[in-house]
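A.B. asks:
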Amino acid sequence: AQSVTQLDSHVSVSEGTPVLLRCNYSSSYSPSLFWYVQHPNKGLQLLLKYTSAATLVKGINGFEAEFKKSETSFHLTKPSAHMSDAAEYFCVVSEGGGYNKLIFGAGTRLAVHP
Amino acid sequence: DGGITQSPKYLFRKEGQNVTLSCEQNLNHDAMYWYRQDPGQGLRLIYYSQIVNDFQKGDIAEGYSVSREKKESFPLTVTSAQKNPTAFYLCASNTRTSLGGGQFFGPGTRLTVL
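Protein sequence lines, in the order shown, are assigned to chains R and W. Each residue of the first sequence is one higher than the one before, starting from 1 at the first, in my numbering. Each residue of the second sequence is one higher than the one before, starting from 115 at the first, in my numbering.
(1) Short check: CB of R:Gln6 to CB of R:Ala106, under 7 Å?
(2) By the 10 Å Cβ neighbour count, where 16 or more other Cβ atoms means buried, how is R:Ser26 classified, buried or exposed?
(3) Could you please tell me which residues of the region 7 to 20 of chain R, in chain order, have their CB closer than 8 Å to any CB of chain W?
(4) Listing by chain order, which chain W residues have their CB less than 7 Å from the CB of R:Gly107?
(5) From W:Tyr124 to W:Pro221, what does the alpha carbon distance come to, in whole angstroms?
(6) Residues of chain R with a CB under 9 Å from the CB of W:Arg150: which are they?
(7) Below 8 Å on the Cβ atoms is my contact criterion, and I expect R:Gly62 with R:Trp35 to pass it. Report the Cβ-Cβ distance as a whole number of Å.
(8) Who pairs with R:Ala106 in a beta bridge, going by DSSP?
(9) Verify the CB distance criterion: does W:Phe188 have a CB-CB separation below 7 Å to chain R?
(10) When the distance is taken between beta carbons, is W:Val227 closer than 7 Å to W:Thr200?
(11) Could you check how far apart the C-beta atoms of W:Val161 and W:Gln170 are, in whole angstroms? I think they sit under 8 Å.
(12) Can you tell me where the beta strand (DSSP E) holding W:Glu146 begins and where it ends?
(13) Where DSSP assigns a beta bridge to W:Ser207, which residues make up the other side?
(14) Going along the chain, which unbroken runs of the beta strand (DSSP E) with 3 or more residues stay wholly within the region 13 to 95 of chain R?
(15) What is the rounded straight-line gap between the Cα of R:Val92 and the Cα of W:Lys128?
(16) Alpha carbon to alpha carbon, what distance is there between W:Pro189 and W:Thr134?
(17) Would you tell me roughly how many angstroms separate the C-alpha atoms of R:Val4 and R:Cys23, rounded to the nearest one?
(18) For W:Cys205 versus W:Gln151, is the C-beta distance shorter than 7 Å?
(19) Using C-beta distances below 6 Å, list every residue in its chain close to R:Lys78, excluding the 5 sequence neighbours before and after it, in chain order.
(20) Would you kindly report the start and end of the unbroken beta strand (DSSP E) that includes W:Lys171?
(21) Counting C-beta neighbours from all protein chains within 10 Å, is the total for R:Pro40 16 or more, i.e. buried, or is it exposed?
(22) Nearest by alpha-carbon distance to R:Phe90: which of R:Thr55, R:Leu56, R:Ser28, R:Lys49 is it?
Spelled out as structure tokens, the structure:
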């Protein structure tokens with residue numbers, strides 16, 4: 001069975017410093033992996049996705065993630081945090097196939113301080 | 115502009131009442147999904163539909179019902195049988211053949227039972 005573990009429920013950084021949100025996954029297949037962002041009382045927005053092409057994936061708003069099969073990790077990074085990055089972030093794995101069921105991590109809340 | 119709309123944004127229900135949440139998409143997507151989100155948790159799948167007039171239960175379907183009479187619409191009814199319906203409900207969609215392509219999400223409906 002596939003699963004996703006987000007290693008930190010809360011992360012706090014200062015504006016202008018790097019962001020690291022950690023995600024480990026478990027999958028029997030070659031997975032598709034995603035990071036979504038959710039601002040308060042809003043829907044989810046896709047940040048980036050990995051689908052077995054390049055292992056370093058670039059997304060929107062300066063975020064990127066690296067797929068490491070040997071470590072079963074897909075950590076999200078950004079070189080310099082902005083106040084607008086404060087939100088909830090979800091790491092997601094797809095079971096693939098025609099249905100494309102998504103398995104969500106519990107989320108990491110990112111706080112950005114001035 | 116293409117997208118997913120959910121209405122209402124906020125919904126209040128008395129115990130024992132059924133309520134219906136609306137989800138409409140103009141993306142011409144085949145598949146639609148309903149998720150439930152509780153504080154500090156990831157999203158859990160309630161129901162999904164890959165084509166018109168067909169739908170399947172997700173992980174937490176008890177106390178919910180859906181219909182898919184049109185490709186654009188996938189309403190969710192929260193019945194009185196749902197023991198703890200207060201939550202944030204998110205609708206999503208994607209093309210049925212978009213393997214690993216992720217899902218597009220609506221802005222959500224927050225349901226509160228009084």
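Heads up, the beta-carbon is just placed ideally off N, CA and C, and yes, glycines get one too.
C.D. replies: Inspection of the coordinates gives the following:
(1) Yes, the pair counts as a contact, with Cβ atoms nearer than the cut-off.
(2) Result: exposed.
(3) Listed in sequence order: Ser9.
(4) Residues of chain W passing the Cβ test: Gly156.
(5) When rounded, the distance between both Cα atoms is 11 Å.
(6) Result: empty, since nearest Cβ-Cβ is about 11 Å, beyond 9 Å.
(7) Not a contact, Cβ separation roughly 13 Å.
(8) DSSP, once it has assigned bridges, lists no residue as partnering R:Ala106.
(9) no
(10) yes
(11) The residue asked about is misnamed: residue 161 of chain W is Tyr in this sequence, not Val. W:Tyr161 to W:Gln170, Cβ: 7 Å. Contact.
(12) This sequence places Met at residue 146 of chain W; Glu is not what is there. Run containing W:Met146: 145 to 151, per the beta strand (DSSP E) assignment.
(13) Looking at the DSSP assignment, W:Ser207 forms a beta bridge with W:Met146, W:Phe218.
(14) Correct list: 19 to 21, 23 to 26, 32 to 38, 44 to 50, 56 to 58, 64 to 68, 73 to 78, 87 to 94.
(15) Separation of R:Val92 and W:Lys128 (C-alpha to C-alpha, rounded to the nearest whole angstrom) is 34 Å.
(16) 7 Å
(17) Near 7 Å, if we compare the C-alpha coordinates of R:Cys23 and R:Val4.
(18) no
(19) Non-local C-beta neighbours of R:Lys78 in its own chain, meaning closer than 6 Å and more than five positions away in sequence, comprise Val19, Gly62, Phe63, ordered along the chain.
(20) 168 to 171
(21) exposed
(22) R:Lys49
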